[in-house]
Every structure is written in structure tokens, then in C-alpha cells.
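Just below is one structure, and these are the notes that go with it.
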Amino acid sequence: MGHLYALQGAFLQQWRITASRYQILMIAISQIPTAAAAAWIARASVEQGVSLSIAIGAAFVVVWNVCVFRTGFSLLDERWAGTLELNLLSRSPLTLVMLGKSLAYVVFFALVGLLSFAAALLVAREIAGIEHATAFALSLTLVVLAVVALQFLFAPLSFLVGAQGGFFNAIMPLGVVLSGFFYPISLLPNWFEWLARLLPTSWAMEALIWSINGKEDLGRVALNWLPAVGLLVLLAVVEVALFLRAERRARLSGGLTEG
Amino acid sequence: MVDRVQNFYLQAYLSYRGLFHWLTPFPYFSNIVLAPFLTLFNFILIGRFASIGDVDRFGIGMVVYAIVWIYVGGVTQSFSNDRSGGTLHLLFGSPASRASAYFARGVGHFYNGPLTAVSTTLLAVLLIDLHVGDLNYLTYAVAIVVVSIGILMISLLLGNFAALYQDWFLFSSIGYGGLLGLTGLIIPVDRLPTALEVVANGLPITHGLKALRGAFAGDSVASVAPDLLLELAVAGAYALVGLAVFTLIDRAARQRGILAGGEE
Numbered sequence: 000m001g002h003l004y005a006l007q008g009a010f011l012q013q014w015r016i017t018a019s020r021y022q023i024l025m026i027a028i029s030q031i032p033t034a035a036a037a038a039w040i041a042r043a044s045v046e047q048g049v050s051l052s053i054a055i056g057a058a059f060v061v062v063w064n065v066c067v068f069r070t071g072f073s074l075l076d077e078r079w080a081g082t083l084e085l086n087l088l089s090r091s092p093l094t095l096v097m098l099g100k101s102l103a104y105v106v107f108f109a110l111v112g113l114l115s116f117a118a119a120l121l122v123a124r125e126i127a128g129i130e131h132a133t134a135f136a137l138s139l140t141l142v143v144l145a146v147v148a149l150q151f152l153f154a155p156l157s158f159l160v161g162a163q164g165g166f167f168n169a170i171m172p173l174g175v176v177l178s179g180f181f182y183p184i185s186l187l188p189n190w191f192e193w194l195a196r197l198l199p200t201s202w203a204m205e206a207l208i209w210s211i212n213g214k215e216d217l218g219r220v221a222l223n224w225l226p227a228v229g230l231l232v233l234l235a236v237v238e239v240a241l242f243l244r245a246e247r248r249a250r251l252s253g254g255l256t257e258g
Numbered sequence: 000m001v002d003r004v005q006n007f008y009l010q011a012y013l014s015y016r017g018l019f020h021w022l023t024p025f026p027y028f029s030n031i032v033l034a035p036f037l038t039l040f041n042f043i044l045i046g047r048f049a050s051i052g053d054v055d056r057f058g059i060g061m062v063v064y065a066i067v068w069i070y071v072g073g074v075t076q077s078f079s080n081d082r083s084g085g086t087l088h089l090l091f092g093s094p095a096s097r098a099s100a101y102f103a104r105g106v107g108h109f110y111n112g113p114l115t116a117v118s119t120t121l122l123a124v125l126l127i128d129l130h131v132g133d134l135n136y137l138t139y140a141v142a143i144v145v146v147s148i149g150i151l152m153i154s155l156l157l158g159n160f161a162a163l164y165q166d167w168f169l170f171s172s173i174g175y176g177g178l179l180g181l182t183g184l185i186i187p188v189d190r191l192p193t194a195l196e197v198v199a200n201g202l203p204i205t206h207g208l209k210a211l212r213g214a215f216a217g218d219s220v221a222s223v224a225p226d227l228l229l230e231l232a233v234a235g236a237y238a239l240v241g242l243a244v245f246t247l248i249d250r251a252a253r254q255r256g257i258l259a260g261g262e263e
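From first to last, the protein sequence lines stand for chains A and B. Numbered according to numbering that gives the first Met the number 0, the first sequence spans residues 0 to 258. Numbered according to numbering that gives the first Met the number 0, the second sequence spans residues 0 to 263.
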């Protein structure tokens, strides 16, 4: 129960810092044009479901781009701010505390992502039907979980490698391409597709796109869920291991604050 | 005269090395090579998903966006870091030429624009078959340089506000979003609402991009010269406006004792 309080407390603390009109403005200015550009391309398509897929993908692109950056620097920020030692004093695992903060980023910027979704639909001027509604709902849930898991990986990772300014600027577009937020990853060249297949987001997004356009039957869509869930579990295990390593390094080196 | 030139290049070098925080190996490679190519790749794939015939059009737009990415991000952070690092007031307190100080902050970044444009183009040709069979190399080179000048001038203008508000994230977001959405990189300018089309014609890239597309179609420098000259005219306007804003901020800083760096 105490761990849940810690998770909730971390979430609320980060939410209060993050949720502001300034953040909405800043993210909307940079992300909505990307959504509009993608939707404009989709508008010319005669294929079913392209516009809706891209609009949904645009929302996830906002979440991915912003959260991988914020979450990625979150543990480093704790050290810079001198609050890491307080987190380590807590009886709750560091992983759980940072997860609470990361979830605050994801939830807030998902709401901002809805602006990109709306902008994309406005530009595309088309709302297609969804072929397999139940599969769509399940696939959407999987995509959300996969994005949360994937961006959370970078909190301990950037701490361990000592990320500096500009570190995430290639990771953001790489995640967008490999996750297939805007298109099924089967469109990737073979030499790139195998890399994308290592991510839970790519399997989940492919299932989502198929559930919208109906190009694959329900059985094939469901087949994508298994590797997505499996990779999610694997990611979670890796993240816990990395957080333990980061915590050990912080304690042994005494590097709990900057300077 | 020689002293002034030396001073100018010294300012350019020191401000570039000291204030541009993407100069470490991995971030530099990411921002010059990886991120621009991946962004180009992303839009090409969107085009293929939508079964659009001419996806190369988006690729050419993203070659220019590569320049936007490195200039807007690099220059705005440099201005902001000048203030947060506590060195901006030293500039304002010095008797150095304001024009020299202002433009020196962009010169150091200049080579990054053509460099990222060429690397993005090369990767696009090698990895995703961007068509360059008709490319006029001279026109391409001239168009890239001219477009780079325009983007650099608007980046310097945005840098003023990044220093004033000590927030390069917001002003780089304005640069990225505005130039992506309004200059024809993906959405043709003539498909924008009328009011936005007017704005677009006053932005850098809009005219130079036409010249660059002409280069890929095999046009000579002479045939794209009107677009290049328009692009240079727009760049010149932003240079003057940016310098005027910089001078105003300088005066305000001296009179009101603000922008001392970090403590406000």
C-alpha cells in the first residue's frame, strides 16, 4: 500500500510541475505542424483508413517525442536538483517513484497529443470507419502500454550513460520510424524492419492499423498482440535491472548530487 | 580592418564553441546526420503508406528541414546559453560593434547547414532511392547556400527572443513548427489559407525551396535566379530586423540593468 502512495505522490508532484498552459503552447507549436503535414499527405490517399491511422499516430508521436525526452532526463534531473538522495531514502523502489513521474508526463502529454489528433483529422478531412472495433480497442491499449514502457527505458539508461544536451535528438525520430506510428512497419526496408520488430510499439501499432483498415483478419491482428505483450514484459524486466544498476552506481560512487 | 575581421572570427569561433552544447560527438552526429535523415525517412514512408506517387517531393523538403533543425536549435540555444551562462552582460558592456557581435553568433554555425543538407541527401539517395538522375549540382549547391542564409537569419532573430526570455525551447519550437508548416516543405504554399499564404511568402525557405526543387529537376542557376534573389531579399530583411531587435535589447539591458544572466 505504501508503494502505491509513493507512486501516487510522485505522479501528483510531477503533474503539478508539468501541467501548465505554457507546456501545452510549446508542445502544440512544435508538434501540430508535423501532424498537419502528415495528414495532408494522407488526404491524397485513396486507401481506406490512412487518415485515421495517421491521426492516431500523430497523438502517439507527441507522447513519444516529449516523454522520451522528459522521462529520459528525469533521473538525471533528480541528481542535478539534489533530490535523488531523498528518493533513495524512500522505502519504495526508485523504479516505482520514477514510474509515477513518467506516468504524469505520459498522461499530460497524451492530452496535448489529442490536439495533434484533432488537427490531423481537420487537415485530412476524412474520418474513416474502424473495421474491427474490439481489436482496435485492445490494440490501442497495447500501444499505450508499449509507449509507456519504451520511453521509461531511457530514464535509467541516460543516467547510466551520462546523457548530455542533444542526446535524444536522434532517439526521438528513430522511435517514431521504428514504432510505425504513421505506417505499418512492413513498409520499412528489410534491413530496418528487423530492428523495428524488437519493439513492442511496432507490433501493437501494426495491429492497430490493421484493425482500422481491415487489411488483415482478426486472427492475424491478434497474432501481433503476443510479441507485443512479450516484449513489454521483457522491457519491464530490463528497466528494473537498469534502475537497480543506476541506484547501485549512485550509492557506491556517492554521486547523488551534481557538483 | 584586419583587426576587425580577426575580432569577428574570434567572436564567431568562441561563441560557437562555448555556447553550442550539441558539439560533443554523439549529439553532433545525431543532429547533423541521424535525426534529419530519420525525419526525411519518416515522411517518405508516410507518402508510401498513402500510396502517393511522388514521394521525392517530401524528401527534398526534408533536406531543407535538416538545415532548419540544426540552425534554429543551435542558434537559439547559443543565445539562451549566453544569458544563462552569465556572459551576455559582458557583451552588452563591451564597446564592440553590435552588428559584428550579432552576426558572429551565426557565422560559427553556418557550415552545419550545408553539411547536414548534403549528408541527408546522400543518405536518402543511398538508402531510400531519392531520385537525383536529373540533379543540377551547381544549382543544388547555390540553392542550399542561399536557403541556409535565409534560415540562419531567422534563427538569429529567434535567438534574440531566446535570450530575452531565457527560453530557447519555446522559440526553437516556433521556428521548427512555423517553418515546417508554412514554407512548402510538405504542404504546398498555394494550398494554405490565404492569410497563411501571405505569411509564407514572407518567410525564408519558401522561395529558395522552389529553386532547390528546380535543381532536382535539372534547372540551371539562371532559370531559378528569380527565386534565389527573392530568398536573399527575405534573408536580408530578417537580418536587418534581427539586428534592430538585438540593438533594442542591448539598449534596454544597459538602461535597465537587465539580462545580467541567471539571477532573474
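Don't be surprised by glycine CBs; every beta carbon is placed ideally from N, CA and C.
{"Query": "Short of 6 Å in beta carbon distance, which residues of its chain neighbour Ile208(A), apart from the five on each side in sequence? Order them along the chain.", "Result": "Ser52 and Pro183"}
{"Query": "Indicate the three-state DSSP secondary structure (helix, strand or coil) for Gln163(A) in the structure shown.", "Result": "coil"}
{"Query": "Using three-state DSSP, classify Lys214(A) as helix, strand or coil.", "Result": "coil"}
{"Query": "When you compare the CB of Phe48(B) with every CB in chain A, is at least one pair closer than 9 Å?", "Result": "yes"}
{"Query": "Find the nearest neighbour of Ala49(B) within the set Val236(A), Ile40(A) and Ala54(A), judged by alpha-carbon distance.", "Result": "Ile40(A)"}
{"Query": "Just to confirm the assignment, what range does the alpha helix (DSSP H) spanning Phe57(B) have?", "Result": "Asp55 to Ser83"}
{"Query": "If we cut at 9 Å on Cβ distances, does Ser171(B) have a partner in chain A?", "Result": "yes"}
{"Query": "Between the beta-carbon of Glu125(A) and the beta-carbon of Asn212(A), is there less than 9 Å?", "Result": "no"}
{"Query": "Should Ile173(B) and Ser29(A) be called a contact, given that it needs their Cβ atoms to be closer than 9 Å?", "Result": "yes"}
{"Query": "Kindly list the residues whose CB is nearer than 6 Å to the CB of Phe135(A), restricted to its own chain and excluding five residues on each side of it in sequence; keep chain order.", "Result": "Ile129 and Ser210"}
{"Query": "Measure the C-alpha to C-alpha separation of Asn200(B) and Ala232(B) and round it to an integer number of angstroms.", "Result": "11 Å"}
{"Query": "Run through the region 122-197 of chain B for me and flag every whole alpha helix (DSSP H) of 4 or more residues, listed as ranges in chain order.", "Result": "136-164 and 167-181"}
{"Query": "My output table needs one value for Arg90(A): the three-state DSSP class, helix, strand or coil.", "Result": "coil"}
{"Query": "Using a Cβ-Cβ distance under 9 Å, would Ala43(A) count as near chain B?", "Result": "yes"}
{"Query": "At the 9 Å Cβ level, is Ser91(A) part of the contact set with chain B, yes or no?", "Result": "no"}
{"Query": "Expressed to the nearest angstrom, what Euclidean distance is found between the alpha-carbon atoms of Asn111(B) and Ile69(B)?", "Result": "7 Å"}
{"Query": "Just how far apart, CA to CA, sit Ser96(B) and Phe245(B)?", "Result": "12 Å"}
{"Query": "Reducing DSSP to helix, strand and coil, say where Ser14(B) ends up.", "Result": "helix"}
{"Query": "Cα-Cα, which of Leu137(B), Thr120(B) and Tyr8(B) is closest to Thr38(B)?", "Result": "Thr120(B)"}
{"Query": "Using the beta-carbon of each residue, which ones in chain A are nearer than 7 Å to Ser29(B)?", "Result": "Gly165, Asn168 and Ala169"}
{"Query": "Shorter than 9 Å from the beta carbon of Tyr175(B) to some beta carbon of chain A?", "Result": "yes"}
{"Query": "Using a Cβ distance threshold of 8 Å, determine whether the region 31-45 of chain B contacts the region 179-195 of chain A, with at least three qualifying pairs required.", "Result": "yes"}
{"Query": "Do we get a CB-CB distance below 9 Å when we pair Asn111(B) with the residues of chain A?", "Result": "no"}
{"Query": "Return helix, strand or coil for Tyr182(A), following the three-state DSSP convention.", "Result": "coil"}
{"Query": "Taking a Cβ distance cut-off of 9 Å, strictly less, list which residues of the region 6-29 of chain A are near chain B, in chain order.", "Result": "Tyr21, Leu24, Met25, Ile26, Ala27, Ile28 and Ser29"}
{"Query": "Residues in the same chain with beta-carbon distance under 7 Å from Leu217(A), minus the five sequence neighbours each way, listed in chain order, please.", "Result": "His131 and Ala134"}
{"Query": "Confirm, please, whether the CB-CB distance from Gly217(B) to Asn266(B) is below 9 Å.", "Result": "Because chain B here runs from 0 to 263, residue 266(B) falls outside it and cannot be looked at."}
{"Query": "With C-beta atoms as the reference, is Ala58(A) less than 9 Å away from Leu113(A)?", "Result": "yes"}
{"Query": "Taking 9 Å as the CB-CB limit, is Pro94(B) close to chain A?", "Result": "no"}
{"Query": "Shorter than 9 Å from the beta carbon of Pro32(A) to some beta carbon of chain B?", "Result": "yes"}
{"Query": "Give a yes or no on contact between the region 155-163 of chain A and the region 237-244 of chain A, applying the rule of three or more CB pairs nearer than 8 Å.", "Result": "yes"}
{"Query": "Thr33(A) lies in the alpha helix (DSSP H); which residues open and close that run?", "Result": "Arg20 to Arg42"}
{"Query": "Give me the chain B residues within the contact set of Ala136(A), using Cβ-Cβ distance strictly less than 8 Å, ordered along the chain.", "Result": "Those within 8 Å of Ala136(A) in chain B number zero; the least Cβ separation is about 22 Å."}
{"Query": "Hey, how far is the Cα of Gly229(A) from the Cα of Gly72(B)?", "Result": "38 Å"}
{"Query": "Write down the C-beta distance between Ser147(B) and Ile66(B) rounded to the nearest angstrom, noting that I regard them as a contact closer than 8 Å.", "Result": "5 Å"}
{"Query": "I think Ala148(A) touches Leu234(A), with their Cβ atoms under 8 Å apart; what is that distance to the nearest whole Å?", "Result": "5 Å"}
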